[in-house]
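The listed protein sequences correspond, in order, to chains Z and H. In the working numbering, each residue carries its 1-based index in the first sequence increased by 50. In the working numbering, each residue carries its 1-based index in the second sequence increased by 778. Where is the CB? At the ideal position from N, CA and C, for every residue including glycine. Right, one structure below, let's go through it.
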Amino acid sequence: AQSVAQPEDQVNVAEGNPLTVKCTYSVSGNPYLFWYVQYPNRGLQFLLKYITGDNLVKGSYGFEAEFNKSQTSFHLKKPSALVSDSALYFCAVRDPDTGGFKTIFGAGTRLFVKA
Amino acid sequence: GAGVSQSPRYKVAKRGQDVALRCDPISGHVSLFWYQQALGQGPEFLTYFQNEAQLDKSGLPSDRFFAERPEGSVSTLKIQRTQQEDSAVYLCASSPQTGVGGEQYFGPGTRLTVT
Chain Z
51 AQSVAQPEDQ
61 VNVAEGNPLT
71 VKCTYSVSGN
81 PYLFWYVQYP
91 NRGLQFLLKY
101 ITGDNLVKGS
111 YGFEAEFNKS
121 QTSFHLKKPS
131 ALVSDSALYF
141 CAVRDPDTGG
151 FKTIFGAGTR
161 LFVKA
Chain H
779 GAGVSQSPRY
789 KVAKRGQDVA
799 LRCDPISGHV
809 SLFWYQQALG
819 QGPEFLTYFQ
829 NEAQLDKSGL
839 PSDRFFAERP
849 EGSVSTLKIQ
859 RTQQEDSAVY
869 LCASSPQTGV
879 GGEQYFGPGT
889 RLTVT
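This is how it looks when you write it as structure tokens:
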């Protein structure tokens, strides 16, 4: 069965410091992986995805994520955090081999960036 | 252009009432998804449409839940005989792609409260 874990409910980082939001997954086949962000009073917005190819994917707003098959991880990173990055972040996975169109979301990680 | 819209934004129903939630996807998007998001959790997949065809309804929690997209654009999620456990935010998302690798564009959600 597919599953996603975001082990941290909350991540705190100072503005200008690098940030990492962790995600691990479990699927039976090769995963399709996604990150979404939810700002207050707004819908979820797509940040980036990994389908195949280069393990390091770059997305919107300077975010990037690295697919690590051996560790079954897809951590979200940004070299220098901004206060405006404060939001709720969701990791999501699809199993194209057995999971159909179902997307499994993690519980979310709240990121606080302090000025 | 216009994003995904959902109506109503808030709905209060007495237990046992039927409700209908509407989703207007981005024009031209062939894929449409419904999710249920409980407080403090990530979205949970309910069902998927490709144009007017409902290709995956594996996430619908009971036969009280029914979704349709008769003309391949607007979709309605109907919940019959609502129960308190149905209280949640219902999210709609659309995608221009038909494959499982596409990113999704989310609406603001409908918050359903069953009293």
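Under DSSP, T825(H) forms a beta bridge with W812(H). In the three-state scheme derived from DSSP, where H, G and I count as helix and E and B as strand, D834(H) is classed as strand. Within the DSSP bridge table, the entry for I154(Z) names V143(Z) as partners. DSSP, read as helix, strand or coil, puts Q858(H) in coil. Shown here, V852(H) sits in coil according to DSSP, grouped into three states, outside any helix or strand.
In the structure shown, D864(H) falls within a helical segment according to DSSP collapsed to helix, strand and coil.
A contact between stretches requires three or more CB pairs, one per stretch, nearer than 8 Å, and the region 862-872 of chain H meets this requirement with the region 795-805 of chain H. Secondary structure note for F96(Z): its beta strand (DSSP E) is the uninterrupted segment L94 to Y100. For I101(Z) against G879(H), the beta-carbon gap comes to about 5 Å, under 8 Å, which counts as contact.
In the DSSP assignment, T159(Z) is bridged to Y139(Z).
Burial is judged here by how many other beta carbons sit within 10 angstroms of a residue's own beta carbon; A51(Z) has fewer than 16 and is exposed. Within the model, the alpha-carbon separation for W812(H) versus G150(Z) is close to 15 Å. Under a 10 Å Cβ-count criterion, D841(H) is classified as exposed, with fewer than 16 other Cβ atoms of the shown protein chains found around its own Cβ. Taken through DSSP and simplified to helix, strand or coil, Y89(Z) comes out as coil.
With a threshold of 16 other beta carbon atoms within 10 Å, D135(Z) meets it and is buried. Pairing K792(H) with L838(H), the inter-Cα distance amounts to about 21 Å. G885(H) sits away from S809(H), with the two beta carbons spaced by 8 Å or more. Looking at the backbone, the Cα of V107(Z) and that of E116(Z) are separated by about 6 Å. Across the region 110-130 of chain Z, no CB contact with chain H closer than 8 Å is found for any residue. Note: K108(Z) is bridge-paired with E114(Z) in the DSSP secondary-structure output.
Check the Cα spacing between S110(Z) and each of E65(Z), K128(Z) and F124(Z): the tightest is with K128(Z). Residue contact check for T70(Z) against chain H: no CB pair falls below 8 Å.
In the assembly as shown, T891(H) is an exposed residue. Its beta-carbon has fewer than 16 other beta-carbons within 10 Å. Chain H places no beta carbon closer than 8 Å to that of A51(Z), leaving this residue out of the contacts.
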